[in-house]
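Residue numbers (the working numbering): -2 to 288.
Dropping the structure here:
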């Protein structure tokens, strides 16, 4: 299981393949297939945990500054070592004759088991469930995007991009007569402990989940006996590493207040017991989602 790997980047790689998807949808990649592929890949993950240099060197040559790009490159690394799949094309921009960009094709793979070509759209997302006026919305931590709009864009635009004339031209260049479109969406959904939220039907019932709270609730919610650390976005995928120094509860409360006064961004916090991660969640401004 991904939690057992000691090296953070290897743990992120294992999480990217093994963790539960967010979507309960006919376009979502098959869970059983991914579990099977993970088991085949696990011996290589064990080797990488002992010597992560091949993975680190691969990532050092790629654009991984944004979390989504980092996630994509981890998937590409796995697929390059997969017995089932071969990468045919990735990150292919589609442009009209007038140089207008229609979008980007994340990934086209050849499934050697079925002899079919598949178009994968990749995404890793973190959303907070907010229940208000009898309705649950999944909102980005910084209140600047919404899960239902992301799903809509993925299904109505990204998944259909190869049906455009430019997409058909690309497939012709690659000598691909037909592709099956798949969604590969991972991430976490966060729930407020005092809000009764029922996940949407198109969200996988076993999705990864955790908590979020308002700053004003932090003193009551956070345990006196725990230690704390603010986690940078590049550490969000799997269990974060233990920082060189952790905060006491009072230090944490002071830091949260200072950080949220200076920035509109919500804070990802990990709690520790004797240096072992217990849970991670978001602290948001008291006015969230109106930041």
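Cβ atoms here follow ideal geometry from the backbone N, Cα and C, with glycine treated the same way.
Residue closest to residue i, alpha-carbon to alpha-carbon, out of the options
i: residue 162; options: 243, 119, 99 and 184; result: 99
i: residue 107; options: 6, 48 and 79; result: 79
i: residue 77; options: 61, 65, 60 and 51; result: 51
i: residue 166; options: 94, 250, 196 and 25; result: 94
i: residue 63; options: 250, 255, 229 and 272; result: 229
i: residue 283; options: 123, 262 and 277; result: 262
i: residue 289; options: 226, 257 and 249; result: Residue 289 falls outside the range modelled here, since the chain spans only -2 to 288, and no answer is possible.
i: residue 232; options: 266, 245, 101 and 246; result: 266
i: residue 42; options: 142, 244, 251 and -2; result: -2
i: residue 221; options: 240, 28 and 249; result: 249
i: residue 223; options: 241, 268 and 214; result: 268
i: residue 164; options: 8, 101, 96 and 272; result: 101
i: residue 191; options: 129, 264, 56 and 175; result: 129
i: residue 34; options: 82, 175 and 160; result: 82
i: residue 272; options: 251, 237, 255 and 264; result: 237
i: residue 264; options: 140, 92 and 144; result: 140
CB-CB length for residue i against residue j, believed under 8 Å
i: residue 46; j: residue 4; result: 5 Å
i: residue 286; j: residue 136; result: 5 Å
i: residue 253; j: residue 280; result: 5 Å
i: residue 277; j: residue 207; result: 6 Å
i: residue 114; j: residue 173; result: 5 Å
i: residue 209; j: residue 125; result: 5 Å
i: residue 183; j: residue 16; result: 6 Å
i: residue 84; j: residue 73; result: 7 Å
i: residue 219; j: residue 241; result: The Cβ separation is near 21 Å, so there is no contact.
i: residue 176; j: residue 116; result: 4 Å
Beta-carbon spacing of residue i, residue j below 8 Å
i: residue 151; j: residue 120; result: yes
i: residue 234; j: residue 38; result: no
i: residue 156; j: residue 178; result: yes
i: residue 311; j: residue 71; result: Beyond the ends of the chain as shown, which are -2 and 288, falls residue 311; an answer cannot be given.
i: residue 181; j: residue 118; result: yes
i: residue 103; j: residue 87; result: yes
i: residue 212; j: residue 257; result: yes
i: residue 6; j: residue 49; result: yes
i: residue 66; j: residue 57; result: no
Strand pairing of residue i, partner residues [DSSP]
i: residue 89; result: 102
i: residue 278; result: 208 and 266
i: residue 127; result: 134
i: residue 187; result: 125 and 207
i: residue 178; result: 116
i: residue 82; result: 108
i: residue 225; result: 244 and 268
i: residue 193; result: None, per the DSSP bridge assignment.
i: residue 143; result: 136
Is it a yes or a no for the region 9 to 28 touching the region 197 to 213, going by three-plus beta-carbon pairs under 8 Å? yes
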